[in-house]
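Engineer: Here it is: the structure, laid out below.
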Amino acid sequence: MAVTVATHIIAFPKAGHAEAEYEDAYALATDAWPVRAAVTDGATESAFSGPWARTLAEAYVNDADVMADQEAWLSACRVTWAEDTVSADAPLPWYAAAKAEEGAHAAFLGVSLQADGAYTAHAVGDCCLLHLREGVLHRAWPMDDPDAFTHHPALLSSRPDAAVPDVQVVTGEVGAGDQLWLATDAVAAYLLHPHRAVDLARMSPPKRKATLRAAQANGKLRNDDSTLLTLSFSADA
Amino acid sequence: MAYSAEISRTAPTAFLFLLDQSASMQDAFGGAKEKGDAAPSKARVLADTVNKLLQNLILRCAKEDGVRDYFHVGVIGYGQRVQPVVRPAPDQGATDVLIPISHLAEQPLRMEQRTKEVPDGSGGVTKRRVQTPIWFDPQAKNGTPMCQALDLAAQTVRDWIDLHPHNYPPIVLNVTDGEATDGDPLQYAQQVRSFATDDGDVLLFNIHLSESEEPAVELPDAMGELPDDEYARQLYQMSSTLPFSMRAAAEQEGYRVTLDTRGFVFNADPVALVRFLEIGTRPSTLR
């Protein structure tokens, strides 16, 4: 059965931070099959991690075949990142130069979806894919335990000499009425507690955002950059 | 729970280093002379170590758009004088001890070119010149006015807490190679530790630099672990127990820790000095 896709994005920074300091990223390509979506989480401890997160996400959605050669994808992203950040005309102050040399780091999740509803997801680190079917959580991947999130997930590094971590892959299928949620770690950990994903699925998008904001304010959602990209499927008209 | 306040730009914490600059700091670490090593002086090793630590603290706060003021940092030297040894920020007075870390980043005494080994991308290493900031140089003169240094630390943390009563409390790290020559430091240490924010008492940690080849006693949790030395017992009593985040950092470094583990190292060699300064500057998560 062919499906059509509606998308919605909720994205906000850590409490006490400006919008410009948000270091997650998301990207979407919905104008042709396969539809592609990605969320990434730039590591707070690195500098220039917002641009790195954006580069990874955009490169994933801009080329349907990108994961056929993961090393090439990562190498190209590293070149883009270096050009965007380090080779700026003005010399960097000593601390920014040192941070640039350490490289930026990000967790990654991408989903590629065919017209028949078959999808493939790729992940490095603790961004999570949640598959909702008939209003309940059908699958959570690659993590399904809210207590398993640590401060040391696997990350993709912008350093040219850094090893390429294993990209995890999973396949599945969506049908009409299903939703795929792509969440960065704090939102994922919040949603994996019992009932929360189901409760949130019943809400309108504005109400969802208000609920997540309130959860961040009251500490139920860890104070971190927060991103939830939602793909909702209906039968092709 | 104490020592759990989130550290942010709106709620920074403070690190205050007290560095012994007495004449005996001209000597090499314990054991080096006996071995005939051309070892650098304790003052040199301490200045290099703390300059490097300041650099690392700045890098923990550095983002592409600047250095975020998660920390206020001060360094007090005690020897010929008792005084701050890093320059205050432009809008601060000459006697202000704690400096926002962004100002520290912008105002090293000088930048030195050093050679650093970095990966060459094909499994080997290559040497690269890097700019290294220096904030202060080694000094070693006169006696050990530790009581005066602790008294200045007490005034400093009291004033800071007046302005930041809800924040993660200040951490004071005292590094010395000898006994105080100006009184009983225990009562001054107790004064430092008597100040508190809503999040906990001021933390005071002590690192004693080695005078002999005896092995270091690192992070003891009972007086019985110490050598039979009144001075060691005094420094132990002066030291705070480690809060949760630092116990976790110590465990990661391979130390056995308990709830009673004190932030104290007796007879530290340079490696133990670096290791403890890393642990003692790991408060809760930055946001």
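Top to bottom, those sequences are chains A and B.
With numbering that gives the first Met the number 0, the residue at position 100 of the first sequence is 99, and numbering never jumps.
With numbering that gives the first Met the number 0, the residue at position 132 of the second sequence is 131, and numbering never jumps.
Using N, Cα and C, we set each Cβ at its ideal position, and we do this for glycine too.
Thinking A:A182 and A:C126 are a contact (beta carbons under 8 Å), I'd like their distance in whole angstroms, please.
Structural biologist: For the purposes of this step, residue 182 of chain A is taken as residue 183 along the first sequence, with counting starting at 1. For the purposes of this step, residue 126 of chain A is taken as residue 127 along the first sequence, with counting starting at 1. Right, their Cβ atoms sit about 7 Å apart.
Engineer: Does the beta carbon of B:A61 sit closer than 8 Å to a beta carbon anywhere in chain A?
Structural biologist: For the purposes of this step, residue 61 of chain B is identified with residue 62 of the second sequence, where counting begins at 1. Yes, its Cβ sits closer than 8 Å to a Cβ of chain A.
Engineer: Taking 8 Å as the cut-off, decide whether the C-beta atoms of B:I100 and B:A88 are in contact.
Structural biologist: The residue you call residue 100 of chain B lines up with position 101 of the second sequence. The residue you call residue 88 of chain B lines up with position 89 of the second sequence. No. Outside cutoff.
Engineer: Would a C-beta distance cut-off of 8 Å place A:F47 and A:A10 closer than the cut-off?
Structural biologist: Stepping through the first sequence from its first residue, residue 47 of chain A is reached at position 48. Stepping through the first sequence from its first residue, residue 10 of chain A is reached at position 11. No, these two residues do not count as a Cβ contact at 8 Å.
Engineer: Any C-beta of chain B sitting closer than 8 Å to the C-beta of A:F11?
Structural biologist: The residue given as residue 11 of chain A occupies position 12 in the first sequence. Judged by the 8 Å Cβ criterion, A:F11 is not in contact with chain B.
Engineer: At 8 Å on the CB atoms, spell out the chain B contacts of A:A42, in chain order.
Structural biologist: By 1-based counting over the first sequence, the position of residue 42 of chain A is 43. Correct list: empty, because the minimum Cβ distance to chain B is about 11 Å.
Engineer: Within the same chain, show all residues whose beta-carbon is closer than 6 Å to that of B:N173, passing over the 5 residues directly before and after it, in chain order.
Structural biologist: On the second sequence, position 174 is the one that residue 173 of chain B refers to. For B:N173, where only same-chain residues beyond five positions count, the Cβ hits under 6 Å are L17 and N205.
Engineer: Determine whether the Cβ of B:M110 lies closer than 8 Å to any Cβ atom of chain A.
Structural biologist: Mapped onto the second sequence, residue 110 of chain B falls at position 111. Chain A, which has a Cβ nearer than 8 Å to the Cβ of B:M110, makes this yes.
Engineer: Taking a cut of 7 Å between CB atoms, which residues from the stretch 152-174 of chain A lie near chain B?
Structural biologist: Answer set for the stretch 152-174 of chain A: P159 and D160.
Engineer: Mind checking if B:V66 is an interface residue toward chain A, Cβ cutoff 8 Å exclusive?
Structural biologist: Position 67 of the second sequence, counting from 1, holds the residue named residue 66 of chain B. Closer than 8 Å: yes.
Engineer: Using a Cβ cut-off of 7 Å, which residues of the stretch 88-122 of chain A contact any Cβ in chain B, in chain order?
Structural biologist: Correct list: W93, Y94, A95, A97 and K98.
Engineer: How would you call A:V150, buried or exposed, if buried means at least 16 neighbouring beta carbons within 10 angstroms?
Structural biologist: Position 151 of the first sequence, counted from the start, is the residue given in the question as residue 150 of chain A. In the sequence as displayed, the identity of residue 150 of chain A is His instead of Val. Under this definition A:H150 is an exposed residue.
Engineer: With a threshold of 8 Å between beta carbons, is A:G15 in contact with chain B?
Structural biologist: Against the first sequence, residue 15 of chain A aligns to sequence position 16. Closer than 8 Å: yes.
Engineer: Alpha carbon to alpha carbon, what distance is there between B:S193 and B:D136?
Structural biologist: Numbered from 1 along the second sequence, position 137 holds the residue referred to as residue 136 of chain B. Numbered from 1 along the second sequence, position 194 holds the residue referred to as residue 193 of chain B. Roughly 32 Å separates the two Cα atoms.
Engineer: Compare the C-alpha of B:V273 against each of B:F70, B:N55, B:Q91 and B:H165 and name the closest.
Structural biologist: Along the second sequence, read from residue 1 onward, the residue named residue 273 of chain B stands at position 274. For B:V273, the nearest C-alpha among the options comes from B:N55.
Engineer: Can you list, in chain order, the residues of its chain with a C-beta nearer than 6 Å to that of B:C146? Leave out the 5 residues immediately preceding and following it.
Structural biologist: For the purposes of this step, residue 146 of chain B is taken as residue 147 along the second sequence, with counting starting at 1. So the list reads A179, D181, G182, P184 and Y187, once near-sequence residues are dropped.
Engineer: Going by the CB atoms, is the gap between B:S239 and B:G29 shorter than 8 Å?
Structural biologist: Indexing the second sequence from 1 puts residue 29 of chain B at position 30. Indexing the second sequence from 1 puts residue 239 of chain B at position 240. No, Cβ-Cβ distance for B:G29 and B:S239 is not below 8 Å.
Engineer: Determine the chain A residues that contact B:E5 at a beta-carbon separation under 8 Å, and present them in chain order.
Structural biologist: Within the second sequence, the letter at position 6 stands for residue 5 of chain B. Those are N222, listed as they occur along chain A.
Engineer: Within the 8 Å Cβ cut-off, does B:P164 reach chain A?
Structural biologist: The residue labelled residue 164 of chain B in the question sits at position 165 within the second sequence. Judged by the 8 Å Cβ criterion, B:P164 is not in contact with chain A.
Engineer: Output, in chain order, the set of chain D residues within a Cβ distance shorter than 8 Å of A:T84.
Structural biologist: Any reference to chain D falls outside this structure, whose protein chains are A and B.
Engineer: Suppose the cutoff is 7 Å on Cβ atoms and the five residues either side in sequence are ignored; what does the same chain contact list for A:T210 look like?
Structural biologist: Locating residue 210 of chain A in the first sequence gives position 211, where the first residue counts as 1. Answer for A:T210: L199 and M202, listed in chain order.
Engineer: Does chain A have any CB closer than 8 Å to the CB of B:Q106?
Structural biologist: Position 107 of the second sequence, counted from the first residue, corresponds to residue 106 of chain B. No, no contact with chain A.
Engineer: So, helix, strand or coil for A:M202, using DSSP?
Structural biologist: For this step, residue 202 of chain A is matched to residue 203 along the first sequence. In this structure, A:M202 counts as coil in the three-state DSSP scheme.
Engineer: Flag this pair as touching only if the stretch 126-139 of chain A and the stretch 72-83 of chain A have three or more C-beta atom pairs under 8 Å; answer yes or no.
Structural biologist: Segments in contact, no.
Engineer: With H, G and I counted as helix, E and B as strand and the rest as coil, what does DSSP make of B:H207?
Structural biologist: One-based indexing of the second sequence puts residue 207 of chain B at position 208. Strand at B:H207.
Engineer: Quick check: A:A172 and A:G116, are their CB atoms within less than 8 Å of each other?
Structural biologist: If you number the first sequence from 1, residue 172 of chain A lands on position 173. If you number the first sequence from 1, residue 116 of chain A lands on position 117. Correcting the residue identity first, residue 172 of chain A is Glu in this sequence and not Ala. Yes, they are a contact pair.
Engineer: Closer than 8 Å, Cβ to any Cβ of chain A: which residues of the stretch 79-101 of chain B, in chain order?
Structural biologist: Flagged: no residues at all.
Engineer: Which residues in the same chain as A:P152 place their Cβ atom closer than 6 Å to its Cβ, once the five residues preceding and following it in sequence are excluded?
Structural biologist: Within the first sequence, the letter at position 153 stands for residue 152 of chain A. Answer for A:P152: A106, G124 and D125, listed in chain order.
Engineer: I want to verify the contact list: residues of chain A whose CB lies under 7 Å from the CB of B:L58, in sequence order.
Structural biologist: Position 59 of the second sequence, counting from 1, holds the residue named residue 58 of chain B. Simply Y94, A97 and K98.
Engineer: Would you call the CB atoms of B:A22 and B:A148 closer than 8 Å?
Structural biologist: In the second sequence, the residue the question calls residue 22 of chain B occupies position 23. In the second sequence, the residue the question calls residue 148 of chain B occupies position 149. No; because the gap between Cβ atoms is not below 8 Å, this pair is not in contact.
Engineer: Could you check the C-alpha separation between A:Y239 and B:D47 for me, to the nearest Å?
Structural biologist: It is not possible to answer for residue 239 of chain A, since the shown part of chain A is limited to 0 through 236.
Engineer: Return helix, strand or coil for B:S40, following the three-state DSSP convention.
Structural biologist: Counting from 1 along the second sequence, the entry for residue 40 of chain B is found at position 41. Strand.
Engineer: Applying the 10 Å Cβ sphere with the 16-neighbour rule, what's the burial state of B:L52?
Structural biologist: Here residue 52 of chain B refers to the residue found at position 53 of the second sequence. Classification for B:L52: buried.
Engineer: Measure the C-alpha to C-alpha separation of B:R86 and B:V171 and round it to an integer number of angstroms.
Structural biologist: Numbered from its first residue, the second sequence carries residue 86 of chain B at position 87. Numbered from its first residue, the second sequence carries residue 171 of chain B at position 172. In a straight line, the C-alpha of B:R86 is about 19 Å away from that of B:V171.
Engineer: Just the C-alpha distance for B:M245 and B:I278, rounded to the nearest angstrom, thanks.
Structural biologist: Here residue 245 of chain B corresponds to residue number 246 of the second sequence, with the count starting at 1. Here residue 278 of chain B corresponds to residue number 279 of the second sequence, with the count starting at 1. Each residue's Cα considered, the two are about 6 Å apart.
Engineer: By Cβ distance, which residues of its chain are closer than 8 Å to B:W159, with the 5 residues on each side in sequence left out?
Structural biologist: As a position in the second sequence, residue 159 of chain B is number 160, starting the count at 1. A13, H71, L97 and P169.
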